[in-house]
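Those protein sequences? They're chains G and E, same order as listed. If you count by our numbering, then the first sequence holds residues 453 to 566, one letter each, in order. If you count by our numbering, then the second sequence holds residues 418 to 528, one letter each, in order. C-beta: ideal position from N, C-alpha, C; glycine also.
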Amino acid sequence: SAVISQKPSRDICQRGTSLTIQCQVDSQVTMMFWYRQQPGQSLTLIATANQGSEATYESGFVIDKFPISRPNLTFSTLTVSNMSPEDSSIYLCSVLGPSSYEQYFGPGTRLTVT
Amino acid sequence: DAKTTQPTSMDCAEGRAANLPCNHSTISGNEYVYWYRQIHSQGPQYIIHGLKNNETNEMASLIITEDRKSSTLILPHATLRDTAVYYCIVTSTGANSKLTFGKGITLSVRP
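Structure, rendered in structure tokens:
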């Protein structure tokens, strides 16, 4: 399995500002994913981030709003830009395990936008 | 990816088996059945997956019907720590693997 950490664990931000969330994995992985979980809802995939290529965004998510970096095989960042209260969610990263079957999730970053 | 249908909630007594059903009638031949769970305030946790044969690991058993249109996740001896939302997901594997989470089923294990 993979051990994943995220920073920050939670934050309260003002509207109009941006927050960068970090995801660190204890082993090298090819595929990383970013999800959003709005209050009381299920998880929604934002984008897939492969090292060495541009992130692939799902319908309804755009790079200008959620820029993603993937500088190496153990690290990725997701930025939530120009935040509004509707961006208040838990943001989670995950990685595809070495067998390419299962995904391992980080603990999430709880974001509140006021 | 094929869509899944799960009951909204169920409960079971601690120590008893919990059988969680899932319908996936539009599953295609190369899609696997996955189960994840999310304990409150934590990230989802992988439980098990299968293609067409029944599977068992240290956490659970997965029973897939012969026509692959439905499956059942079995927690053989449920504990209070198994209280969580359980997601049944149908998807491909590897580079094509994308998890589309539905609402899942909330399992409550009572003492």
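Whether residue i touches residue j by CB criterion (9 Å)
| i | j | result |
| --- | --- | --- |
| Ser457/G | Gly549/G | no |
| Thr564/G | Ile464/G | yes |
| Val526/E | Arg485/E | no |
| Tyr503/E | Ile491/E | no |
| Trp486/G | Ile542/G | no |
| Cys505/E | Ser478/E | no |
| Val455/G | Leu525/G | no |
| Lys520/E | Leu497/G | no |
| Pro528/E | Ala430/E | yes |
| Thr529/G | Cys475/G | yes |
| Gln459/E | Cys439/E | no |
Beta-ladder partner(s) of residue i, from DSSP
| i | result |
| --- | --- |
| Ala501/E | Leu524/E |
| Ala435/E | Leu492/E |
| Gln458/G | Cys475/G |
| Phe485/G | Thr500/G, Ser546/G |
| Met427/E | Leu524/E |
| Asp463/G | Leu563/G |
| Gln490/G | Partner(s): none; Gln490/G has no beta bridge. |
| Glu448/E | The partner list for Glu448/E (beta bridge, DSSP) is empty, contrary to what the question assumes. |
| Val507/E | Val450/E |
| Ile456/E | According to DSSP, Ile456/E bridges with nothing at all. |
| Glu472/E | Leu479/E |
Beta-carbon neighbours of residue i, restricted to chain E and to distances below 9 Å
| i | result |
| --- | --- |
| Leu497/G | Lys515, Leu516, Thr517, Phe518 |
| Leu544/G | Gly460, Pro461 |
Where residue i falls, given that 16 or more other Cβ within 10 Å makes a residue buried
| i | result |
| --- | --- |
| Thr421/E | buried |
| Pro461/E | buried |
| Thr500/G | buried |
| Gln555/G | buried |
| Glu483/E | exposed |
| Glu506/G | exposed |
| Asp431/G | Not covered by the structure: residue 431/G. The range shown for chain G is 453 to 566. |
| Glu538/G | exposed |
| Arg462/G | exposed |
| Arg454/E | buried |
Chain-ordered neighbours of residue i on chain A, where CB pairs are closer than 8 Å
| i | result |
| --- | --- |
| His466/E | Absent from the structure: chain A. Protein chains present are G and E. |
Proximal residues of chain E, C-beta to C-beta of residue i below 8 Å
| i | result |
| --- | --- |
| Pro559/G | Gln459, Gly460 |
Residues that residue i contacts on chain G, provided the C-beta gap is smaller than 9 Å
| i | result |
| --- | --- |
| Tyr463/E | Ser453, Gly549, Tyr553, Glu554, Gln555, Tyr556, Phe557 |
Residue interval of the beta strand (DSSP E) (run including residue i)
| i | result |
| --- | --- |
| Asn502/G | 495-502 |
| Thr531/G | 527-532 |
| Tyr553/G | Where Tyr553/G is concerned, there is no enclosing beta strand (DSSP E), given that its DSSP letter is neither H nor E. |
| Pro519/G | Counting along the chain, Pro519/G falls outside any beta strand (DSSP E), and DSSP gives it neither H nor E. |
| Ile464/E | 462-467 |
Proximal residues of chain G, C-beta to C-beta of residue i below 7 Å
| i | result |
| --- | --- |
| Gly521/E | Ser494 |
Per-residue contacts from residue i into chain G (C-beta, under 8 Å)
| i | result |
| --- | --- |
| Thr510/E | Ser552, Tyr553 |
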